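To start, the structure under review is shown below, and the notes come after it.
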Amino acid sequence: MNSSISHGSSLRGSSFPWIFVVAVAFALTLLGLVMLFSAAQSTFPGAYKTLAKQAVWMVIAVFSFLLAWRTPLDVLRRFSWFFYAASILGLILILVPGIGIKVNGAQRWLGFGPVRLQVSEFAKVGLVLSMAHYMAMHQRETKTFLKGYVVPCIMLGGICGLVILQPDFGTCFLLGAVGAIMLFQGGANLLYLLPTVALGTTVFSILVYLDPVRLRRVTAFLDVEANLNDGAYQLWQGILAFGAGGVTGVGLGRGRQQLLFLPEAHTDFIFAVIGEELGLVCTVGVVLLFLLIFLVVSWHARKAPRLFDFLLLQGSLLAITLQALINVGVVTGCLPTKGMSLPFISYGGSNLVVTFILIGFIVNVLHSWNRPVLSAVREQ
442 MNSSISHGSS
452 LRGSSFPWIF
462 VVAVAFALTL
472 LGLVMLFSAA
482 QSTFPGAYKT
492 LAKQAVWMVI
502 AVFSFLLAWR
512 TPLDVLRRFS
522 WFFYAASILG
532 LILILVPGIG
542 IKVNGAQRWL
552 GFGPVRLQVS
562 EFAKVGLVLS
572 MAHYMAMHQR
582 ETKTFLKGYV
592 VPCIMLGGIC
602 GLVILQPDFG
612 TCFLLGAVGA
622 IMLFQGGANL
632 LYLLPTVALG
642 TTVFSILVYL
652 DPVRLRRVTA
662 FLDVEANLND
672 GAYQLWQGIL
682 AFGAGGVTGV
692 GLGRGRQQLL
702 FLPEAHTDFI
712 FAVIGEELGL
722 VCTVGVVLLF
732 LLIFLVVSWH
742 ARKAPRLFDF
752 LLLQGSLLAI
762 TLQALINVGV
772 VTGCLPTKGM
782 SLPFISYGGS
792 NLVVTFILIG
802 FIVNVLHSWN
812 RPVLSAVREQ
């Protein structure tokens, strides 16, 4: 990123990229509301309660999106360390007995009255903002050992370490992958980065091996038929749902998963409900929309006038699309079972709000290129 631009020039271009991103985000969210109602009908009249809760979270998410979009990028940079510190503090508070809320053996939530927030979701915002700001601030030193490698690795390791203590292996992997890719895209020295990635992957694998629950999920993934009544039950029911749906689906509300065969149908495995009720056509359409967001944003990220803009775009994009890839991979049997929601579509307030905040960052950067650039020289 060495090209220069004259003072007062403009990066004006088509409004298509950010309008497209917003349109896809809202289309997927509306699909999610429809599928949540359908998936929750087995608990009727709980379906209406589930839909109402998600609708409230959607309103909060839209407000958060507008805030992330309209906040000047320089203000976001200025407060990036605040978001990082808040993420670390929240992740520490979760581990304190009596403060963090434990559900199904995992202590991941903070409670505020009737509202529960999953702090590891909001840590995505802190990580992406702080990593983008730090790498841009030290862009001339990204190849050095201390400022270009050690410090950002400590930043990333601090968040990932606290997340895995909850334990939340899936989010830890996601955050680690997003952070490592941002380091690479920010210009970190591969001689330092690659061995660290290899070491991190090894340590992560050992931790999975030492955890009976995670190890059972891996062995069930490797031999589904031998574990149909144990670790592979949910995966098998998801596969059956896809098979029953065929190309066009059995119709909304008509899937057999309404009979509670598929656990967590409205959260982690809602993609299987889409496959059963709306068929291959709709599931392929959902995947294509995520792919198009990735391609459109990645293509236009090349025009970023500053390294911070580029990394904020890429980090936000990766946090959304990589999570979608993992969820689809799990539900279709390509990856071991992991409780990770499908962005925009799965039930859950924290993930929906954070996803819309990240979309707000993306739109903020893309939309800002339609305004005059005041700096005389493009940030390298």
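The numbering used here applies: residue 442 is where the sequence shown begins, and numbers increase by one. Even glycine gets a Cβ: it sits at the ideal position worked out from N, Cα and C. Small disclaimer: the values here were computed from a predicted structure and weren't measured.
Report task. Under 8 Å Cβ to Cβ from residue 591, same chain only, skipping five residues before and after it: list those, please. Result -> For the purposes of this step, residue 591 is taken as residue 150 along the sequence shown, with counting starting at 1. If we look at residue 591 and ignore the five residues flanking it on each side, it has no Cβ neighbours.
Query raised in the report: What residues in its chain sit with their C-beta under 7 Å from that of residue 763, if we drop five residues either side in the sequence?
Result: Residue numbering aside, residue 763 sits at position 322 when the sequence shown is read from its first letter. So the qualifying residues of the chain are 615, 618, 619.
Report task. Per DSSP, which residues does residue 551 bridge with? Please list them. Result -> As a working note, residue 551 is residue 110 in the sequence shown. Bridge partners of residue 551: 541, 558.
Report task. Label residue 456 either buried or exposed according to how many other C-beta atoms from any shown protein chain fall within 10 Å of its C-beta, with 16 as the threshold for buried. Result -> Taking the sequence shown and counting its residues from 1, one reaches residue 456 at position 15. Exposed, because fewer than 16 other Cβ atoms sit within 10 Å of the Cβ of residue 456.
Requested in this report: Report the residue from 655, 757, 808 whose alpha carbon sits nearest the alpha carbon of residue 566.
Outcome: Position 125 of the sequence shown holds residue 566. Nearest option by C-alpha distance: 757.
**Report entry** Exposure label - residue 521; buried when at least 16 CB within 10 Å
**Finding:** Within the sequence shown, the letter at position 80 stands for residue 521. Classification of residue 521: buried, given that the 10 Å Cβ count is 16 or more.
Requested in this report: Within its chain, find whatever has a CB closer than 6 Å to the CB of residue 679; leave out the 5 residues flanking it on each side and keep chain order.
Outcome: The residue you call residue 679 lines up with position 238 of the sequence shown. For residue 679, where only same-chain residues beyond five positions count, the Cβ hits under 6 Å are 710, 713, 772.
**Report entry** Presumed contact (8 Å Cβ cut-off) between residue 532 and residue 564, rounded CB distance
**Finding:** The count along the sequence shown starts at 1 and reaches residue 532 at position 91. The count along the sequence shown starts at 1 and reaches residue 564 at position 123. So it is a contact: roughly 6 Å between Cβ atoms.
**Report entry** Which listed residue (503, 479, 475) has its alpha carbon closest to that of residue 855
**Finding:** Outside the displayed range of the chain (442 to 821) lies residue 855, so it cannot be described from this structure.
Query raised in the report: With a CB to CB cut of under 8 Å and the five nearest residues on each side skipped, what residues in its chain are close to residue 459?
Result: Counting from one through the sequence shown, the residue named residue 459 turns up at place 18. Closer than 8 Å at the Cβ level, and outside the excluded window around residue 459, lie 803, 804, 807, 808.
Report task. Could you check if residue 491 is buried or exposed, using at least 16 other CB atoms within 10 Å of its CB as the buried criterion? Result -> Numbered from 1 along the sequence shown, position 50 holds the residue referred to as residue 491. When all chains shown are included, residue 491 counts as buried.
Query raised in the report: In angstroms, rounded to a whole number, what distance separates the CA positions of residue 611 and residue 605?
Result: Locating residue 611 in the sequence shown gives position 170, counting from the first residue. Locating residue 605 in the sequence shown gives position 164, counting from the first residue. If I take the Cα positions, the gap works out to 9 Å.
Requested in this report: Decide if residue 466 is buried, meaning its Cβ has at least 16 other Cβ atoms within 10 Å, or exposed.
Outcome: By 1-based counting over the sequence shown, the position of residue 466 is 25. With 16 or more Cβ atoms within 10 Å of its Cβ, residue 466 is classed as buried.
Query - Coarse secondary structure for residue 660, derived from DSSP in three states - result: As a first step, residue 660 is located in the sequence shown; it is residue number 219 there, counting from the start. The answer is helix: DSSP assigns residue 660 an H, G or I state.
Requested in this report: Alpha carbon to alpha carbon, how far is residue 628 from residue 583? Give it in angstroms, no decimals.
Outcome: Looking up residue 583 in the sequence shown gives position 142. Looking up residue 628 in the sequence shown gives position 187. Those two C-alpha atoms are separated by around 6 Å.
**Report entry** residue 485 (DSSP reduced to helix, strand or coil)
**Finding:** The residue given as residue 485 occupies position 44 in the sequence shown. Confidence at residue 485 is low in this model, with a pLDDT of 49, below 50, so the placement of that residue should be treated as unreliable; the coordinate-derived value is given next. Coil at residue 485, not helix or strand.
Report task. For residue 775, name the three-state secondary structure that DSSP assigns. Result -> Here residue 775 is taken as the residue at index 334 of the sequence shown, counted from 1. Of the three classes helix, strand and coil, the one that applies to residue 775 here is coil, per DSSP.
Query - Cutoff 7 Å; reference residue 579; Cβ partners in own chain excluding five residues on either side - result: To locate residue 579, count along the sequence shown from 1; it is residue 138. Hits under 7 Å: 588, 589.
Query raised in the report: Are there 16 or more other CB atoms within 10 angstroms of the CB of residue 406, so buried, or fewer, so exposed?
Result: Nothing can be reported for residue 406, as the shown portion of the chain is limited to 442 through 821.
Query raised in the report: Cα-Cα, which of 732, 747, 602 is closest to residue 469?
Result: For the purposes of this step, residue 469 is taken as the residue at position 28 of the sequence shown. If we check each option's Cα against that of residue 469, 732 comes out closest.
Query raised in the report: Between residue 638 and the rest of its own chain, which residues show a CB-CB distance below 8 Å, the 5 nearest in sequence each way excluded?
Result: Along the sequence shown, read from residue 1 onward, the residue named residue 638 stands at position 197. Same-chain partners within the cutoff: 621.
Query - Contained alpha helix (DSSP H) runs [length at least 4] in the stretch 562–613, N- to C-terminal order - result: 592–605
Report task. Look up residue 468 in the DSSP assignment and say whether it is helix, strand or coil. Result -> Position 27 of the sequence shown, counted from the start, is the residue given in the question as residue 468. Three-state result, residue 468: helix.
Query raised in the report: What is the DSSP secondary structure of residue 746, counted as helix, strand or coil?
Result: Here residue 746 corresponds to residue number 305 of the sequence shown, with the count starting at 1. Residue state, collapsed to three classes: coil.
Report task. Report the three-state DSSP secondary structure of residue 810 (helix, strand or coil). Result -> Start at 1 with the first residue of the sequence shown, and residue 810 comes out as number 369. Three-state DSSP puts residue 810 in coil, outside helix and strand.
Query raised in the report: Using 8 Å as the Cβ pair cut-off and three pairs as the minimum, do the stretch 471–478 and the stretch 779–790 touch?
Result: yes
Query raised in the report: Contact check, residue 754 vs residue 737 under 8 Å by CB: the rounded distance?
Result: On the sequence shown, position 313 is the one that residue 754 refers to. On the sequence shown, position 296 is the one that residue 737 refers to. Contact doesn't hold; Cβ gap of about 11 Å is too wide.
Query raised in the report: Can residue 801 and residue 506 be called in contact, C-beta distance under 7 Å?
Result: Here residue 801 refers to the residue found at position 360 when the sequence shown is read from its first residue. Here residue 506 refers to the residue found at position 65 when the sequence shown is read from its first residue. Yes, these two residues count as a Cβ contact at 7 Å.
Query raised in the report: Which residues in the same chain have their Cβ closer than 8 Å to the Cβ of residue 687, if we skip the five residues on either side of it in sequence?
Result: Stepping through the sequence shown from its first residue, residue 687 is reached at position 246. Closer than 8 Å at the Cβ level, and outside the excluded window around residue 687, lie 720, 721.
**Report entry** Proximity test, Cβ basis, 7 Å: residue 663 and chain D
**Finding:** The question asks about chain D, but that chain is absent: this structure has only one protein chain.
Query raised in the report: From what residue to what residue does the alpha helix (DSSP H) around residue 636 run?
Result: The count along the sequence shown starts at 1 and reaches residue 636 at position 195. Counting along the chain, the alpha helix (DSSP H) containing residue 636 begins and ends at 631–651.
Query raised in the report: Using DSSP with H/G/I as helix, E/B as strand and the rest coil, what is residue 731?
Result: Counting from 1 along the sequence shown, the entry for residue 731 is found at position 290. Helix at residue 731.
Requested in this report: Have a look at 633, 534, 585 and flag the residue whose alpha-carbon is nearest the alpha-carbon of residue 600.
Outcome: In the sequence shown, residue 600 corresponds to position 159, counting from 1. Comparing Cα-Cα distances from residue 600 to each of 633, 534, 585, the minimum goes to 534.
Requested in this report: Determine the DSSP secondary structure at residue 676, reduced to helix, strand or coil.
Outcome: Here residue 676 corresponds to residue number 235 of the sequence shown, with the count starting at 1. In this structure, residue 676 counts as helix in the three-state DSSP scheme.
Report task. Would you kindly check if the distance between the Cβ of residue 723 and the Cβ of residue 734 is under 7 Å? Result -> Residue mapping note: residue 734 aligns to position 293 of the sequence shown, counting from 1. Residue mapping note: residue 723 aligns to position 282 of the sequence shown, counting from 1. Result no, Cβ atoms of residue 734 and residue 723 do not sit closer than 7 Å.
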